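Novice: Heads up: the sequence lines are chains A and B, in that order.
According to the working numbering, the first sequence holds residues 0 to 117 in order.
According to the working numbering, the second sequence holds residues 3 to 113 in order.
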Amino acid sequence: GAVVSQHPSRVICKSGTSVKIECRSLDFQATTMFWYRQFPKQSLMLMATSNEGSKATYEQGVEKDKFLINHASLTLSTLTVTSAHPEDSSFYICSATRDGGRTQETQYFGPGTRLLVL
Amino acid sequence: RKEVEQDPGPFNVPEGATVAFNCTYSNSASQSFFWYRQDCRKEPKLLMSVYSSGNEDGRFTAQLNRASQYISLLIRDSKLSDSATYLCVVVSGGSNYKLTFGKGTLLTVNP
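1) List the endpoints of the continuous beta strand (DSSP E) containing Phe-38/A.
2) Report all residues from its chain with a CB closer than 6 Å to the CB of Pro-16/B; omit the five preceding and five following residues, and keep chain order.
3) How many angstroms separate the CA atom of Val-52/B from the CA atom of Ser-42/A?
4) Beta-carbon separation of Glu-58/A and Leu-45/A under 8 Å?
5) Considering Cα atoms alone, identify which of Glu-5/B, Ser-74/B and Gly-18/B is closest to Glu-58/B.
6) Take the Cβ of Ala-22/B as the centre, count every other Cβ of all protein chains shown within 10 Å, and call the residue buried at 16 or more, exposed below.
7) Can you pull the chain B residues whose beta carbon is under 8 Å from the beta carbon of Pro-110/A, in chain order?
8) Against chain A, which members of the region 92-110 of chain B pass a CB distance test of less than 8 Å?
9) Identify each residue in the region 36-47 of chain A for which the Cβ-Cβ distance to at least one residue of chain B is less than 7 Å, and report them in chain order.
10) Could you check if Arg-9/A is buried or exposed, using at least 16 other CB atoms within 10 Å of its CB as the buried criterion?
11) On the CB-based measure, 16 or more other CB atoms within 10 Å of its CB, does Pro-46/B come out buried or exposed?
12) Compute the distance between the beta-carbons of Asn-69/A and Thr-56/A, then report whether it is under 8 Å.
13) Assess, as a yes-or-no matter, whether the region 29-37 of chain B is touched by the region 79-95 of chain B under the definition of 3 or more beta carbon pairs within less than 8 Å.
14) For Leu-108/B, which residues from the same chain have a beta carbon less than 6 Å from its beta carbon, with the 5 sequence-adjacent residues on both sides left out?
15) Would you mind working out which of Leu-66/B, Thr-110/B and Lys-81/B sits nearest Gly-18/B, comparing C-alpha positions?
16) Below 8 Å on C-beta distance, what does Gln-106/A contact in chain B?
17) Below 8 Å between beta carbons: does that hold for Pro-85/A and Ser-14/A?
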């Protein structure tokens, strides 16, 4: 199946710093990538949809100035959590589709990044 | 009503048991449906797609009832390795393509 990687797998940072998470599709070109967040014992919540070469579409309640998304190439999307605070501590997971959803294909998930803000 | 609602669980069953998970969704225009499994502290992995005609893969059977907006997953002869959280996923399509996840149901299969 399709492979999606994320880096780093876990990060611990001080409150107020910015953290960048990378998501790469390793064996296919992903026109669309998605960023999710999952708090303990909760479901995955979509944060934003990232299309290569255009601005990301954010879900309601997600601050675009705090969660910066850059999808500069067909194989790489980055999520930057700016001025991170303890409440941003979560499991961040990216996913990608090969066709942007045109054929209703499912998504391939990265292994996730566990963020802990102290 | 939540977009995707699942049995709250958790389910604790002995090896060899049959266990069923239920899921309902609110958006009647939803186009695709899946079951994922998520192991502790890992990313979700696709288990199977769900169709109105039913879909069977070994010990796993998934079913969709569009009229009732209801999705099910049946696991027969459960194994220890089936222990995980099972996530019901509904896809909306068109210009607003996205996956919506249920909260998941934790299954523990005991020896």
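Yeah, the Cβ is synthetic: ideal placement off N, Cα and C, and Gly gets one too.
Bear in mind that the values here come from a model prediction, so they are computed numbers and not experimental data.
Specialist: Well, looking at it:
1) Premise fails: Phe-38/A is in no beta strand (DSSP E) and is neither H nor E.
2) Asn-112
3) 19 Å
4) yes
5) Ser-74/B
6) exposed
7) Lys-44 and Glu-45
8) Val-93, Gly-95, Tyr-99, Lys-100, Leu-101, Thr-102, Phe-103, Gly-104, Lys-105 and Gly-106
9) Gln-41, Ser-42, Leu-43 and Leu-45
10) Taking all protein chains shown into account, Arg-9/A has fewer than 16 neighbouring C-beta atoms within 10 Å of its C-beta and is therefore exposed.
11) buried
12) no
13) yes
14) Gly-11, Pro-12 and Thr-87
15) Lys-81/B
16) In chain order: Leu-101.
17) yes
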